[in-house]
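Enquirer: Quick one: the structure is below, questions incoming.
Number of protein chains: 4
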Amino acid sequence: MSTIKIGRYNSGAKNCITDVEGVKVGHVTIDEQYESSNEFACTGVTAILPHSGNLFKEKVIAASYIINGFGKTTGLVQLNELGLLESPIMLTNTFGVSAVTQGTLQYMLQQNEEIGDTTGTINIITGECNDSYLNSIRLLPVKPHHAIAAIEEASDVCEEGAVGAGKGMVCFGYKGGIGTASRRIPYTSDQDFMLGCLVLSNFGNPRDFHYSKYINDINQDSIHKPEDGSIIIVIATDVPLSDRQLKRVAKRSTVGLSRTGSHISHGSGDIVIAFSTANKVPHFSADSFIDQGLSIREEQGIMDDIFAATADMVEEAIVSSLLKAKTTIGRNGRAVKSIIDK
Amino acid sequence: MSTIKIGRYNSGAKNCITDVEGVKVGHVTIDEQYESSNEFACTGVTAILPHSGNLFKEKVIAASYIINGFGKTTGLVQLNELGLLESPIMLTNTFGVSAVTQGTLQYMLQQNEEIGDTTGTINIITGECNDSYLNSIRLLPVKPHHAIAAIEEASDVCEEGAVGAGKGMVCFGYKGGIGTASRRIPYTSDQDFMLGCLVLSNFGNPRDFHYSKYINDINQDSIHKPEDGSIIIVIATDVPLSDRQLKRVAKRSTVGLSRTGSHISHGSGDIVIAFSTANKVPHFSADSFIDQGLSIREEQGIMDDIFAATADMVEEAIVSSLLKAKTTIGRNGRAVKSIIDK
Amino acid sequence: MSTIKIGRYNSGAKNCITDVEGVKVGHVTIDEQYESSNEFACTGVTAILPHSGNLFKEKVIAASYIINGFGKTTGLVQLNELGLLESPIMLTNTFGVSAVTQGTLQYMLQQNEEIGDTTGTINIITGECNDSYLNSIRLLPVKPHHAIAAIEEASDVCEEGAVGAGKGMVCFGYKGGIGTASRRIPYTSDQDFMLGCLVLSNFGNPRDFHYSKYINDINQDSIHKPEDGSIIIVIATDVPLSDRQLKRVAKRSTVGLSRTGSHISHGSGDIVIAFSTANKVPHFSADSFIDQGLSIREEQGIMDDIFAATADMVEEAIVSSLLKAKTTIGRNGRAVKSIIDK
Amino acid sequence: MSTIKIGRYNSGAKNCITDVEGVKVGHVTIDEQYESSNEFACTGVTAILPHSGNLFKEKVIAASYIINGFGKTTGLVQLNELGLLESPIMLTNTFGVSAVTQGTLQYMLQQNEEIGDTTGTINIITGECNDSYLNSIRLLPVKPHHAIAAIEEASDVCEEGAVGAGKGMVCFGYKGGIGTASRRIPYTSDQDFMLGCLVLSNFGNPRDFHYSKYINDINQDSIHKPEDGSIIIVIATDVPLSDRQLKRVAKRSTVGLSRTGSHISHGSGDIVIAFSTANKVPHFSADSFIDQGLSIREEQGIMDDIFAATADMVEEAIVSSLLKAKTTIGRNGRAVKSIIDK
């Protein structure tokens with residue numbers, strides 16, 4: 598397996614979003630032929646949990662950034678207003694968003710009996726890319742129970758490539774999907790900050806991929822489909838950033854994405870969600886509503902370390918999604934090849 | 598029935614959003630006791646169709662504005678990026694969003710065989726308010742078929758009050774829900790422009806309602822619940838406005854809302870969606886991608902007529918939702934009274 | 598002098614933005630006939646200082662909100678990016694912005710020798726309304742030294758009406774200009790929060806003013822000019838709000854503005870700047886970049902108190918600008934009457 | 598002189614923003630020692646004119662995009678609200694913004710006697726970068742007359758490098774400043790569209806520059822200063838784009854910027870202004886306010902051509918600013934070297 602190393606910062610132990618303490622990832626992969634020989638369920642669900650506790654009762658500070666908005670991600674209106682994330686971040690295919698949101702809602706209602714009864718409602722974040730080249734997306738293969746299963750199987754191990762929501766995705770004409778990376782930012786002599794990233798890659802035209810920056814030799818057998826296509830980028834960190842600061846970090850994802858060769862196509866839903874695990878916000882609290890919390894003074898040094906590391910990490914996670922994804926067969930007998938298989 | 602008349606512009610023939618030619622509204626009302634005597638399905642779905650043709654193949658120009666974003670409306674990311682609406686605008690309760698989006702997706706897929714196969718995907722707009730005071734929202738009474746039925750029964754008659762998505766809503770402590778109004782803007786000697794508005798009202802504290810502006814005498818029997826709560830405002834027009842101009846119009850909804858007494862509470866999802874039926878945009882076209890279209894030069898006179906009329910119309914639609922809504926019984930034996938019944 | 602009292606919250610001791618501890622206001626009024634008998638300098642400068650220390654070295658958290666953007670306010674790009682205010686907020690006429698910004702820059706450079714040499718630059722906020730009905734705005738009567746004088750004469754007394762930047766402004770066809778108000782929000786038994794507001798009012802058509810809500814009898818002698826026109830609204834508070842929370846507060850200004858009768862006209866630069874004096878941010882610091890700061894958990898109760906009080910306070914400040922402004926004569930022999938003089 | 602060619606689209610005849618018909622550029626360069634031997638005026642002004650007519654009376658459609666907002670550009674509030682540009686776009690150093698805006702105002706007032714008298718006001722766009730490494734920025738060497746001179750000397754020839762506003766700028770540790778490029782997009786067999794770009798480059802750390810993509814060998818003698826620093830990017834086109842579409846184009850500048858090595862540093866004012874010369878909007882008009890105009894239907898093919906070409910063109914303009922800039926001496930005896938001189 599090729600390995601790559603982008604930029605001047607070290608990665609965490611697993612080079613994975615789960616290097617940010619408490620973050621977990623779960624995948625459910627759907628890979629089934631329908632009775633009709635041309636139809637194939639080649640899709641899935643991926644859940645990113647900001648921490649292991651009750652996500653509704655211990656919210657995390659979060660922000661989103663829309664690189665290009667030709668996409669159907671749900672939940673960003675409230676996330677932007679309040680700067681809070683109170684559910685897992687769910688990823689799936691474009692037409693699976695309702696089913697995944699429904700399943701996640703059922704899960705959260707079951708975990709929290711107060712929701713919709715004695716307290717307010719809950720806001721669920723579901724991102725998507727369009728896997729209809731390989732997946733029979735019109736047949737709506739994703740069901741609510743797949744979302745619940747992805748949440749329940751989440752752990753601190755993160756498989757990459759053609760798994761979970763990444764099962765049917767295509768990137769630069771090759772098999773893409775889930776990729777992850779992390780970066781360690783030195784802070785004091787005995788403490789580092791951690792940044793982690795997970796992408797769902799589904800964009801790009803083969804002619805645009807700057808592959809020679811990453812690997813010597815690629816499989817020439819790419820597919821040529823229109824260059825619309827999307828990426829969902831999730832960023833986690835333990836730096837105590839505010840929602841405004843997280844949005845600034847999220848924007849730097851564009852740098853990493855651009856360096857791979859994307860020009861952010863017209864038909865892309867390129868969307869970033871960033872959260873910090875540092876200052877959790879309780880839903881219920883007996884305390885005064887005045888809190889004391891940690892924050893970062895936005896100085897040139899630390900912010901540029903965070904921004905530069907984010908750009909590197911996103912670029913690496915995208916390339917990793919390509920290097921880890923195996924050749925996959927889907928509907929209409931279509932195959933999308935691994936970039937490194939020969 | 599009390600009638601009110603706000604501002605200096607005349608309304609259309611029906612004083613209804615369907616005064617904008619081609620716009621249709623459909624309601625499905627759900628009103629059923631569950632086996633448990635305390636649980637009640639007191640909710641519904643409302644569909645607003647921008648025109649009678651194929652909404653995916655003939656898109657309309659649209660914009661959204663977030664007055665306050667504590668809400669779960671879907672589809673705004675893409676609507677904002679492209680300035681286009683390609684589905685009905687669906688309204689329901691907060692936990693019905695997934696089911697309604699799923700049903701609308703099924704309806705649109707059935708109408709358009711190309712979607713998700715030979716052409717791209719579709720973006721569905723679903724707005725919501727929280728009706729959990731009267732409705733057993735945790736039991737998820739809204740199903741996908743309710744959305745399909747609301748679309749299919751849409752017509753140019755618009756019932757108001759405790760119907761469709763408005764069935765379980767509460768406004769200023771009284772029964773609220775669906776309200777509508779329209780305004781006619783003189784343009785030339787033989788042509789007028791039309792503006793229409795439909796609201797789903799679910800906000801406000803009794804002490805804040807400026808009722809004496811509208812009616813002489815009100816039922817004193819309001820409920821006192823927390824002042825969070827939301828409003829969804831849909832604006833239609835036949836003025837050939839661009840998406841930027843529609844957003845400016847949408848912002849003037851805040852003026853009408855403020856005049857009723859709202860201070861736009863912390864817990865509100867106060868969201869506006871505005872569209873114009875004037876310049877339809879084909880999904881498929883054999884023509885050149887250079888179009889000729891009508892547009893409005895933003896001059897003081899016409900824009901101020903549109904803005905002032907929008908403010909008046911939204912205010913009137915909110916008051917109308919109160920005047921038309923009948924006393925309603927819901928879960929836990931709770932009743933919310935009509936503001937005018939005694 | 599008529600007095601008014603809007604809403605259910607008490608005002609501070611002076612009912613003035615300077616009720617927020619440390620905030621100061623200074624005015625320079627320019628009222629001079631040019632040699633040409635038709636030309637008149639009827640304008641001025643107003644400075645709002647967030648605190649009495651070095652504003653560059655002790656920044657305050659801030660946000661802006663654009664109600665309508667037909668205006669020329671400077672400095673908002675950086676204020677929005679960083680959530681910080683590092684200069685006085687300056688108000689003047691539309692064509693005085695450059696001179697006032699230049700003067701403020703000179704003042705700040707003189708106070709801070711490091712700026713532009715060993716440290717970075719400085720961002721200055723200057724807001725404006727168009728006073729060209731009374732003021733010979735093309736002759737550029739405002740000079741840099743007027744800005745410096747307004748800063749230097751700032752105190753905790755705030756004169757209202759036709760003073761400073763308010764000298765030539767017109768509101769609802771009557772003499773408008775500077776208005777101020779404050780509100781006290783109960784917090785604990787022995788501590789309150791304070792909100793203060795200062796407006797520069799220059800908008801509205803006489804027919805739209807809801808005057809009967811405020812005063813029994815008005816001077817009928819209003820002027821009738823086009824209904825474009827603007828308002829700048831400055832909000833100060835000692836509540837430890839983040840920049841995102843301050844933006845939410847700033848948005849509630851629209852509620853107060855709407856209640857006076859404005860529909861936010863096409864030609865208006867209606868702009869809000871809000872800051873908190875609670876957590877000052879040092880420009881230079883020997884400390885770690887990790888800070889501990891106070892923050893507010895956004896709960897329904899406290900946020901709705903702040904929002905409702907803001908709406909009331911802005912409405913009252915606008916009405917106060919009318920009640921305090923004296924009949925004023927300007928260019929071309931034009932007079933704009935006080936709303937209460939007969 | 599090295600030449601570079603980035604991407605698959607051809608450039609216009611001059612590879613310059615003035616390849617877009619009617620666009621003109623003017624520079625005034627200030628290069629004077631002050632009496633004090635350490636102080637140096639090493640700065641200037643650049644004017645970009647969207648067309649050769651009266652810019653106030655024939656406005657062009659425009660948009661802006663803030664890549665990072667640590668900057669002091671003026672005029673964006675109104676440009677964003679109305680989607681219109683009605684002045685030259687002026688570039689200078691950070692503390693020259695007021696003087697340049699003042700001079701441009703004087704120029705526009707002189708050209709248009711109605712402004713501020715019988716019609717409304719005018720909105721001027723001035724962008725800036727901080728040239729204080731070489732320029733004695735605290736001494737405010739830029740005066741209003743420099744802005745007027747830059748406008749008056751504008752032509753369709755565009756000098757690059759250490760000229761105009763670019764005189765004192767530093768990019769990746771080398772002499773930067775003004776760079777330009779253009780791209781031709783095939784439309785029909787006998788018509789092309791044109792895109793042009795002009796940058797003011799003043800950002801980057803030497804270690805981050807991906808120089809080997811562009812030139813074989815560089816001068817090793819870069820300066821090492823903090824990596825904050827900015828870029829102003831101006832994009833012109835004759836494609837009939839709306840303001841929303843222009844904003845989408847402006848966003849693709851980030852792609853080109855990222856590919857040079859920038860991670861968009863914390864301290865950057867990275868700001869894009871884009872305009873189209875296709876549909877001019879008259880300030881005064883006897884016609885109906887309903888216009889017929891050309892527009893582009895946003896299809897994958899044409900939009901991706903425009904987006905990809907924009908990314909390439911911005912990247913090339915940045916590199917060109919480095920290749921064209923000559924070694925420059927400024928305050929405190931400081932020198933910044935040309936990247937290609939040895």
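Going down the list, the sequences are from chains Y, H, E and R. Position 205 (the first sequence) corresponds to 802 in the working numbering; numbering is contiguous. Position 168 (the second sequence) corresponds to 765 in the working numbering; numbering is contiguous. Position 161 (the third sequence) corresponds to 758 in the working numbering; numbering is contiguous. Position 305 (the fourth sequence) corresponds to 902 in the working numbering; numbering is contiguous. No residue lacks a Cβ here, since even glycine has one placed at the ideal position from N, Cα and C.
1) Whole angstroms is fine: what's the gap from Ala922 (chain H)'s alpha carbon to Asp825 (chain H)'s?
2) Do we get a CB-CB distance below 8 angstroms when we pair Met598 (chain H) with the residues of chain E?
3) In three-state DSSP terms, what is Arg849 (chain H)?
4) Return yes when the Cβ of Val739 (chain E) is within less than 8 angstroms of the Cβ of Gly668 (chain R), no when it is not.
5) Provide the residue span of the alpha helix (DSSP H) that contains His648 (chain H), from first to last.
6) Report the residues of the stretch 893 to 916 of chain R with a CB closer than 7 angstroms to any CB of chain H, ordered along the chain.
7) Does any residue of chain E have a CB that is nearer than 8 angstroms to the CB of Ile745 (chain H)?
8) Mind checking the stretch 721 to 744 of chain E against chain R and listing, in chain order, the residues whose C-beta falls within less than 7 angstroms of any C-beta there?
9) Is Arg781 (chain E) close to chain Y? Criterion is C-beta to C-beta, closer than 8 angstroms.
10) Any contact of the stretch 867 to 886 of chain R with the stretch 651 to 660 of chain R, i.e. 3+ C-beta pairs under 8 angstroms?
11) Please name the residue, chosen from E:Ser892, E:Cys768, E:Thr777, that lies closest to Asn799 (chain E) on a Cα-to-Cα basis.
12) Given a cut-off of 8 angstroms, decide if Thr857 (chain Y) and His807 (chain Y) are closer than it, judged by their beta-carbon atoms.
13) Between the stretch 744 to 754 of chain H and the stretch 717 to 737 of chain Y, are three or more C-beta pairs nearer than 8 angstroms?
14) In terms of alpha-carbon separation, which member of H:Tyr704, H:Gly641, H:Val754 lies closest to Glu725 (chain H)?
15) Round the Cβ separation of Ala914 (chain R) and Leu792 (chain R) to the nearest angstrom and send it over; I've been treating them as touching at under 8 angstroms.
16) List the residues of chain R that Ser809 (chain Y) touches, going by C-beta distances under 8 angstroms, in chain order.
17) Please list, in chain order, the chain R residues whose beta carbon lies closer than 7 angstroms to that of Arg841 (chain H).
18) For Ser862 (chain H), go through chain E and note every residue whose CB falls closer than 9 angstroms to its CB, in chain order.
19) Interface residues of chain Y around Asp878 (chain E) at Cβ under 8 angstroms?
20) Check each candidate in R:Ile926, R:Val836, R:Ile663 and name the one with the smallest Cα separation from Val617 (chain R).
21) Any Cβ of chain H within less than 8 angstroms of the Cβ of Gly713 (chain R)?
22) Counting only C-beta atoms, is Pro803 (chain H) closer than 8 angstroms to chain R at any point?
23) Could you tell me if His860 (chain R) is buried or exposed, where buried requires 16 or more neighbouring beta carbons within 10 angstroms of its beta carbon?
24) Compare the C-beta of Phe653 (chain E) against all C-beta atoms of chain Y and say whether one is closer than 8 angstroms.
25) Determine the extent of the alpha helix (DSSP H) in which Thr907 (chain E) is found, giving its start and end residues.
26) Just grab the DSSP bridge partners of Lys740 (chain Y) for me.
27) Just to confirm, is the Cβ distance from Ala696 (chain H) to Leu737 (chain H) under 8 angstroms?
28) Taking the alpha carbon of Asp941 (chain R) as the point to measure from, which residue in H:Glu895, H:Asp884, H:Gln889, H:Ser882 has its own alpha carbon closest?
29) Within 8 angstroms, do at least three Cβ pairs link the stretch 694 to 709 of chain Y to the stretch 681 to 697 of chain H?
30) Report the residue from H:Ala833, H:Ser839, H:Asp888 whose alpha carbon sits nearest the alpha carbon of Pro685 (chain H).
31) Do Arg735 (chain R) and Gly713 (chain E) come within 8 angstroms of each other at the CB atom, strictly closer than that value?
32) For Gly801 (chain H), I'd like the list of residues in its chain whose CB is within less than 6 angstroms of its CB, leaving aside the five on either flank, ordered along the chain.
33) Would you mind sorting Arg841 (chain R) into buried or exposed? The rule is 16 or more other CB atoms within 10 Å of its CB.
34) Using the rule of at least 16 other Cβ atoms within 10 Å of the residue's Cβ for burial, across every protein chain shown, is Lys844 (chain H) buried or exposed?
35) Verify the CB distance criterion: does Arg856 (chain E) have a CB-CB separation below 8 angstroms to chain H?
Expert: Looking at the coordinates:
1) Numbered from 1 along the second sequence, position 325 holds the residue referred to as residue 922 (chain H). Numbered from 1 along the second sequence, position 228 holds the residue referred to as residue 825 (chain H). Their backbone Cα atoms lie some 20 angstroms apart in a straight line.
2) Residue mapping note: residue 598 (chain H) aligns to position 1 of the second sequence, counting from 1. Confidence is the limiting factor: at Met598 (chain H) the pLDDT is only 44, short of 50, which leaves the residue's position unreliable and the question unanswerable from this model.
3) Taking the first residue of the second sequence as position 1, residue 849 (chain H) is located at position 252. DSSP places Arg849 (chain H) in coil when its eight states are reduced to three.
4) Taking the first residue of the fourth sequence as position 1, residue 668 (chain R) is located at position 71. Taking the first residue of the third sequence as position 1, residue 739 (chain E) is located at position 142. Cβ distance not < 8 angstroms, so Gly668 (chain R) and Val739 (chain E) don't count as in contact.
5) Start at 1 with the first residue of the second sequence, and residue 648 (chain H) comes out as number 51. Taken as a continuous stretch (DSSP letters only), His648 (chain H) belongs to no alpha helix (DSSP H), as it is neither H nor E.
6) Ile893, Arg894, Glu895, Glu896, Ile899
7) Numbered from 1 along the second sequence, position 148 holds the residue referred to as residue 745 (chain H). Output row for Ile745 (chain H): interface = no.
8) Asn727, Ser729, Ile734, Arg735
9) Along the third sequence, read from residue 1 onward, the residue named residue 781 (chain E) stands at position 184. So, not an interface residue.
10) yes
11) Locating residue 799 (chain E) in the third sequence gives position 202, counting from the first residue. Ranking the options by Cα distance to Asn799 (chain E), first place goes to E:Cys768.
12) Position 210 of the first sequence, counting from 1, holds the residue named residue 807 (chain Y). Position 260 of the first sequence, counting from 1, holds the residue named residue 857 (chain Y). Yes, the Cβ-Cβ distance between His807 (chain Y) and Thr857 (chain Y) is below 8 angstroms.
13) no
14) Against the second sequence, residue 725 (chain H) aligns to sequence position 128. Nearest of H:Tyr704, H:Gly641, H:Val754 to Glu725 (chain H), Cα basis: H:Gly641.
15) For the purposes of this step, residue 914 (chain R) is identified with residue 317 of the fourth sequence, where counting begins at 1. For the purposes of this step, residue 792 (chain R) is identified with residue 195 of the fourth sequence, where counting begins at 1. Not confirmed; about 11 angstroms, so no contact.
16) On the first sequence, position 212 is the one that residue 809 (chain Y) refers to. Here the premise fails: no neighbours, minimum Cβ distance about 11 angstroms.
17) One-based indexing of the second sequence puts residue 841 (chain H) at position 244. Near Arg841 (chain H) (Cβ distances below 7 angstroms), the residues of chain R are Gly680, Asp840, Arg841.
18) To locate residue 862 (chain H), count along the second sequence from 1; it is residue 265. Here the neighbours are Gln897, Met900, Asp901, Phe904, Ala905.
19) Walking along the third sequence from the start, residue 878 (chain E) turns up at place 281. For clarity, residue 878 (chain E) is Val in the given sequence; the question names Asp instead. Those within 8 angstroms of Val878 (chain E) in chain Y are Arg894.
20) On the fourth sequence, residue 617 (chain R) is found 20 positions in, with the first residue counted as 1. Answer by Cα proximity: R:Val836.
21) Numbered from its first residue, the fourth sequence carries residue 713 (chain R) at position 116. Not an interface residue.
22) Within the second sequence, the letter at position 206 stands for residue 803 (chain H). Not an interface residue.
23) Working through the fourth sequence from its first residue, we reach residue 860 (chain R) at position 263. The residue in question, His860 (chain R), is buried, as its Cβ has 16 or more Cβ neighbours within 10 Å.
24) For the purposes of this step, residue 653 (chain E) is taken as residue 56 along the third sequence, with counting starting at 1. So no, Phe653 (chain E) is outside the interface.
25) Mapped onto the third sequence, residue 907 (chain E) falls at position 310. Note, Thr907 (chain E): alpha helix (DSSP H), 897 to 921.
26) Sequence index remark: in the first sequence, residue 740 (chain Y) carries index 143 (1-based). Its beta-bridge partners do not exist; DSSP assigns none.
27) Working through the second sequence from its first residue, we reach residue 696 (chain H) at position 99. Working through the second sequence from its first residue, we reach residue 737 (chain H) at position 140. Yes, Cβ-Cβ distance for Ala696 (chain H) and Leu737 (chain H) is below 8 angstroms.
28) Given a span of 598 to 939 for chain R in the structure shown, any question on residue 941 (chain R) remains unanswerable.
29) yes
30) Within the second sequence, the letter at position 88 stands for residue 685 (chain H). The option with the nearest alpha carbon to Pro685 (chain H) is H:Ala833.
31) Within the third sequence, residue 713 (chain E) is the residue found at index 116, counting from 1. Within the fourth sequence, residue 735 (chain R) is the residue found at index 138, counting from 1. Cβ atoms of Gly713 (chain E) and Arg735 (chain R): closer than 8 angstroms.
32) Numbered from 1 along the second sequence, position 204 holds the residue referred to as residue 801 (chain H). Cβ within range, chain order: Cys768, Phe769, Ser859.
33) Taking the first residue of the fourth sequence as position 1, residue 841 (chain R) is located at position 244. So Arg841 (chain R) counts as buried.
34) Sequence index remark: in the second sequence, residue 844 (chain H) carries index 247 (1-based). Classification of Lys844 (chain H): buried, given that the 10 Å Cβ count is 16 or more.
35) Position 259 of the third sequence, counting from 1, holds the residue named residue 856 (chain E). Chain H, which has a Cβ nearer than 8 angstroms to the Cβ of Arg856 (chain E), makes this yes.
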